[in-house]
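**Q** Please find one structure pasted underneath; my questions will follow.
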Amino acid sequence: MSLKLHTIIASTRPGRVGPKVAGWFHEAAKAHGKFDATLVDLAEFNLPVFDEPKHPRLGQYEHEHTKRWSASVKAADAIVFVTPEYNYLPPPSLINAVTYLATEWNYKPMGVVSYGGISAGLRSAQVLRSLATTVKMMAIPEGVPVPNFAQFINEQGVFTPNDPMKQGATLMLDELVKWAQALKPLRG
24 MSLKLHTIIA STRPGRVGPK VAGWFHEAAK AHGKFDATLV DLAEFNLPVF DEPKHPRLGQ
84 YEHEHTKRWS ASVKAADAIV FVTPEYNYLP PPSLINAVTY LATEWNYKPM GVVSYGGISA
144 GLRSAQVLRS LATTVKMMAI PEGVPVPNFA QFINEQGVFT PNDPMKQGAT LMLDELVKWA
204 QALKPLRG
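Just so we're aligned, residue 24 is where the sequence shown starts under our numbering, counting upward by one.
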């Protein structure tokens, strides 16, 4: 059985570029060939600010949006978050989405494709790695930073990475495969 990688578009705001960057990475993951790759758009789940009455570790969800989100995350063996940086942090939509669940994240490796201005979203990625450890994800150090992202989007709206980004994606995917295989017995 092949490993399942979910690439999650973290930004949900109008005018976001996350789908463009994530679309590139998703295609790179499919071409890599070691994962059954799925592109997941957080905006499609339309999660309100955390609204479940019981703690997520109990898994006793009352709302349909939470049940759908839980099933999506549970299906993955590895996660890549494609995230911008807002005020040195991941977007509130992503922090909220992580908060919604508990055990669904456990023992899954996690990588980050971050984008932003000159900092390439690296501060956001570091905060996200810290958050991920609290839900027992293995945040790998390999990542793909995209500095000054607008220069990589052409007039047709297509994101075209440079060679270091492509190499970084391959390196991160190679590491995610190793970790996903190693952690699979812990996921039951």
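Where a beta carbon is used, it is the ideal one built from N, C-alpha and C, also for glycine.
Please classify His49 as buried or exposed, where buried requires at least 16 neighbouring CB atoms within 10 angstroms.
**A** Counting Cβ neighbours within 10 Å, His49 comes out buried, since at least 16 surround it.
**Q** Using three-state DSSP, classify Leu124 as helix, strand or coil.
**A** Residue state, collapsed to three classes: coil.
**Q** Pull up the distance between the alpha-carbon of Phe175 and that of Gln83, whole angstroms please.
**A** If you take the alpha carbons of Phe175 and Gln83, they lie about 43 Å apart.
**Q** Between the alpha carbons of Ser114 and Ser137, how many angstroms are there, rounded?
**A** Note on residue identity: the sequence assigns Pro, not Ser, to residue 114. Each residue's alpha carbon lies about 11 Å from the other.
**Q** Mapping the DSSP letters down to three states, classify Leu206 as helix, strand or coil.
**A** Leu206 falls in the helix class under three-state DSSP.
**Q** Leaving aside the five residues before and after Gln52 along the sequence, list all residues of the same chain whose C-beta is less than 7 Å from its C-beta, in chain order.
**A** Here the sequence assigns Ala to residue 52, which means Gln is not the residue at that position. Excluding positions up to five away in sequence, the list reads Leu28, Thr30, Phe58, Ala60, Leu196.
**Q** Give me the Cα-Cα distance between Glu178 and Arg39, rounded to the nearest whole angstrom.
**A** If I take the Cα positions, the gap works out to 16 Å.
**Q** If Ala162 and Ala155 are in contact, beta carbons under 8 Å, what's the gap, nearest whole angstrom?
**A** Indeed they touch by this definition, with Cβ atoms about 5 Å apart.
**Q** Helix, strand or coil, according to DSSP, for Pro187 in the structure here?
**A** Pro187: helix per DSSP, three-state reduction.
**Q** Could you give the C-beta distance for Gly191 and Val167, rounded to a whole number, given that I count them as a contact under 8 Å?
**A** The pair is a contact, with the Cβ atoms about 4 Å apart (cut-off 8 Å).
**Q** Report the rounded CA-to-CA distance for Asp186 versus Lys201, giving the unit in angstroms.
**A** Approximately 23 Å, taken between the alpha carbons.
**Q** Do Pro132 and Ala203 count as a contact pair if the criterion is CB distance below 8 Å?
**A** Yes.
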